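Under the working numbering, the sequence shown has 13 at position 11, and the numbering climbs by one with no breaks.
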Amino acid sequence: MQHAKVRFEDARRQLGFAAMDFSIPDDRFLEMRAETRQMQDEIRKLERKSKSLFSLFGF
């Protein structure tokens with residue numbers, strides 16, 4: 003899960019740079035935003051899965 007969080011933070015950082023760089027086409031920016039949201043959703047699923055696993059064992 004740590005690797006996924008690092009990838010997500012990198013994608014967020016790149017998205018921020020793209021928002022300030024007007025040479026990047028709007029279509030590419032929207033693709034980057036969609037990819038970042040997808041990564042965030044994946045991380046949320048992993049966190050929910052790990053929390054449910056820990057609660058199953060009483061941690």
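Just so it is clear, CB atoms sit at the ideal spot from N, CA and C, and this is done for glycine as well.
Computed from a predicted model, the values in this text were never measured in an experiment.
The C-beta distance from Phe10 to Met34 rounds to 12 angstroms, too long to meet the 8 angstroms contact threshold. Taking a cut-off of 8 angstroms for Cβ pairs, the region 16-31 and the region 43-56 do not touch, as fewer than three such pairs fall below it. Measuring C-alpha to C-alpha distances from Leu32 to each of Asp43, Arg46, Gln16 identifies Gln16 as the nearest. DSSP, reduced to helix, strand and coil, places Met3 outside both helices and strands of the structure shown, so it counts as coil. The DSSP-derived three-state label of Phe24 is coil.
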